[in-house]
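In what follows, a single structure is set out as structure tokens and then discussed.
Number of protein chains: 2
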Amino acid sequence: MRVAIVGATGAVGHELLSVLEKSSLQFDELLLFASPRSAGSTLTFKGQELTVQATPEGAIDADVILASAGGAISKAKAPAWVAGGAVVIDNSSAFRYDADVPLVVPEVNGEAALRHKGIIANPNCTTAVAVLAVAPIHREYGVKRMIVSTYQATSGAGQKGMDELLEQTHMVLHGKDATNDVFAHPIPFNVIPHIDAFQDNGYTKEEMKVAWETRKIIGDESLKISCTAVRIPTLRTHSEAITLDLERPATPQAVRELLARSAGVEVRDDPGGKLYPMPMTASGKYDVEVGRIRESLVFDGGIDLFVAGDQLLKGAALNAVQIAEYLQEHGALKGKQRA
Amino acid sequence: MRVAIVGATGAVGHELLSVLEKSSLQFDELLLFASPRSAGSTLTFKGQELTVQATPEGAIDADVILASAGGAISKAKAPAWVAGGAVVIDNSSAFRYDADVPLVVPEVNGEAALRHKGIIANPNCTTAVAVLAVAPIHREYGVKRMIVSTYQATSGAGQKGMDELLEQTHMVLHGKDATNDVFAHPIPFNVIPHIDAFQDNGYTKEEMKVAWETRKIIGDESLKISCTAVRIPTLRTHSEAITLDLERPATPQAVRELLARSAGVEVRDDPGGKLYPMPMTASGKYDVEVGRIRESLVFDGGIDLFVAGDQLLKGAALNAVQIAEYLQEHGALKGKQRA
């Protein structure tokens, strides 16, 4: 079986290589694609140097294509990849809201992936991190309302986002004014409540993605969700403060126990021991940290909690590879016969 | 009339001097006090060098004492200051919850200050910033529930908090691990959902202060408030994402107009022009920036908004001076006859 990565040289591409090295996914060959500018460069995979090729115009001779080169490229090229016989696991938002494209977090709705018609969408990173904590609570207690405030890292904008934070912070520490190119305003020591484009309703697209995608993954269109998405000067891992109004009352201890036996989650909730979710501890970790689990003071029987998840991993690369693993484990990924 | 500052050499003390320079408060003399360690140092006020004295054991011969040297010093010494005839405007949390101590934000409940018995409390900085936006909405629409997530600057822990952020960020940029002394964990490029001590209910004292103090200032004990207080790597200005459930439905435009005519608030809400509240623009500003005003997606007729306020100013020094101005304007501050 042959796996291809499109967008291999970006921040998520880098993580895809690293996650694939440790993955249980069985495949014979890995192809790497990126923009023509990166063609000819090499990346190391399991000790071997692999050469990056320019993404071709038409089909790619692979069984699984992990696409992470942005929405425009996915939109333009995925139909040809599917026509060529590949299953496309797409990290962009290009197809997430199409009715016949499953939007999948394997721990939550893996079975949806089996109903694909060639394309499977990977959710927005903020959604993927939140839904790991919220889905088990929804199954057990029925979430009616969900209020989310995010603390999003600069790597949400890729490697260039992290570079801008580091370079501009260096400028500020040397007494110079910070400038901005990637972000809407200078990011060092600042907070920017603006991620992705503003919609007519005053919410950003990033905020609406959390609402739209959480409902689709959980499979409950009645769920009410309000989000404030905020960029802060961190490098990686998105944190989120979440307040939940529930159908059936929960206690913090019951939620702690529920999440402790839920896949993809690490309960990190010992305030006395100064243990709670933080980018410092969640970065590089596959599991999403969940803590600060406490009774809501605004909803009877509701729950407040705080999550931190490495959005380059669970929010992107890891989730994509886990979708491929899920397909293979369920016999839904068979390599083509090649000469 | 004589004004004294206790804690003159700290981050808030520094702002008190600057705010007093521009204040309409009429007084003849300014006395500066701090710990014995700082005694003998000088600070500039209106071009004059003033010598800092060690805070005495007993009374201080001043008409107004602006106290900002921490809860322990206020608790221990304020009774003697009051006995000596001074009005104490206290920036610590020592007296905020005493039934006979008014907790005052002049734009919201200035008249409460006139009922003091010697001590007037200045609210917690996070509360002061939020309440300027929320109180006018409460008066017009009746707030039932308020959900707050904070993005708090390191200067909430004083000058030493800012120093730790700058020094440790420098370490990280030079490839070294950050350490921590002021904060519970290293703060550079990190997020710490832990400010002040944890309470039995799983909330921190900082989070409960927002609930307790907002209710006291607004004068409505039925208001339900849930807060998540989070330290982030910024220098000054606290930002807050706030979701409001209202008795009577509001529209974003009506709230924008209401806040535009409210004191202490600058409506900064033009997403198309990339105008919204941010530490970068709110730092050093007396008004609290309010923006991202939009319909709540979880409460019918409710409102989501975002605020950013320089917590060293409105959250501390500015509010304290404004309380003194309010007392003087209402004839409630008369200088003693001195020989």
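Note that the protein sequences, when read in sequence, are chains A and B. Here full-length UniProt numbering is used: the first residue of the first sequence is 1, the next is one more, and so on. Here full-length UniProt numbering is used: the first residue of the second sequence is 1, the next is one more, and so on. Glycine residues also receive a C-beta, built at the ideal position from the N, C-alpha and C atoms.
Residue i at chain B interface by Cβ criterion, 8 Å
i              : result
K285(A)        : no
Y276(A)        : yes
N180(A)        : no
M171(A)        : no
V210(A)        : no
residue 341(A) : The question about residue 341(A) has no answer here: the residues shown for chain A are numbered 1 through 339.
L235(A)        : yes
V319(A)        : Correcting the residue type first, residue 319(A) is Asn in the shown sequence and not Val. By this cut-off, N319(A) is not an interface position.
A34(A)         : no
R294(A)        : yes
Y151(A)        : yes
V230(A)        : yes
F198(A)        : yes
S222(A)        : no
R115(A)        : no
Y141(A)        : no
Those residues which DSSP pairs with residue i across a bridge
i       : result
H238(A) : G309(A)
L50(A)  : L43(A)
V90(A)  : Going by the sequence as given, residue 90(A) is Asp instead of Val. According to DSSP, D90(A) bridges with A67(A), A121(A).
L17(B)  : Note: L17(B) sits in no beta bridge, so no partner.
V265(B) : V288(B)
L30(A)  : V3(A)
R294(A) : D304(A)
I192(B) : R231(B)
L103(B) : A121(B)
L275(B) : D270(B)
F198(B) : T204(B)
Three-way DSSP call (helix, strand, coil) for residue i in this model
i              : result
Q152(A)        : strand
K224(B)        : strand
R215(B)        : helix
D270(B)        : strand
A67(B)         : strand
K144(A)        : strand
I232(A)        : coil
G161(B)        : helix
R96(B)         : coil
L166(B)        : helix
V73(B)         : The amino acid at residue 73(B) is misidentified as Val; the sequence shows Ile. Correct three-state label for I73(B): helix.
A128(B)        : helix
I323(B)        : helix
I137(B)        : helix
L259(A)        : helix
residue 348(B) : Chain B is shown from 1 up to 339; residue 348(B) falls before or after that span and cannot be answered.
T55(A)         : coil
T281(A)        : helix
G85(A)         : coil
Other residues of its chain near residue i: CB distance less than 8 Å, five sequence neighbours each side excluded
i       : result
Q168(B) : A178, T179, N180, P186, I187, P188
P252(B) : I293, R294, E295, I303
is_contact[residue i, chain A] using C-beta, thresh 8 Å
i              : result
residue 340(B) : The structure shown does not extend to residue 340(B), since chain B is modelled only from 1 through 339, so no value can be given for it.
P249(B)        : no
T55(B)         : no
D304(B)        : yes
T42(B)         : no
V298(B)        : yes
N124(B)        : no
R256(B)        : no
L312(B)        : no
Nearest-angstrom beta carbon gap, residue j and residue i [assumed within contact, 8 Å]
i       : j       : result
G335(A) : R2(A)   : 7 Å
G13(A)  : S68(A)  : 6 Å
I192(A) : E206(A) : That pair is no contact at about 11 Å.
L114(B) : K216(B) : Not confirmed; about 16 Å, so no contact.
V298(B) : I147(A) : 6 Å
G136(B) : L305(B) : It is worth fixing the name first, because residue 136(B) is Pro in this sequence and not Gly. About 12 Å; that fails the 8 Å criterion.
L313(A) : E15(A)  : 6 Å
K117(B) : D90(B)  : K117(B) to D90(B), Cβ: 13 Å. No contact.
Same chain only: Cβ atoms within 7 Å of residue i, ignoring 5 sequence neighbours per side
i       : result
Y97(A)  : W212
A86(B)  : I60, A62, D63, V64, I65
S23(A)  : V321, E325
T237(B) : A153, P279, A282, S283, A308, G309, D310, Q311
Own chain partners of residue i with C-beta closer than 6 Å, once the 5 adjacent residues on each side are dropped
i       : result
N124(B) : K209, E213
Residue i: CB within 7 Å of a non-hydrogen atom of the ligand FAD
i       : result
D287(A) : In terms of ligand content, the structure shown is empty, and the ligand FAD therefore cannot be addressed.
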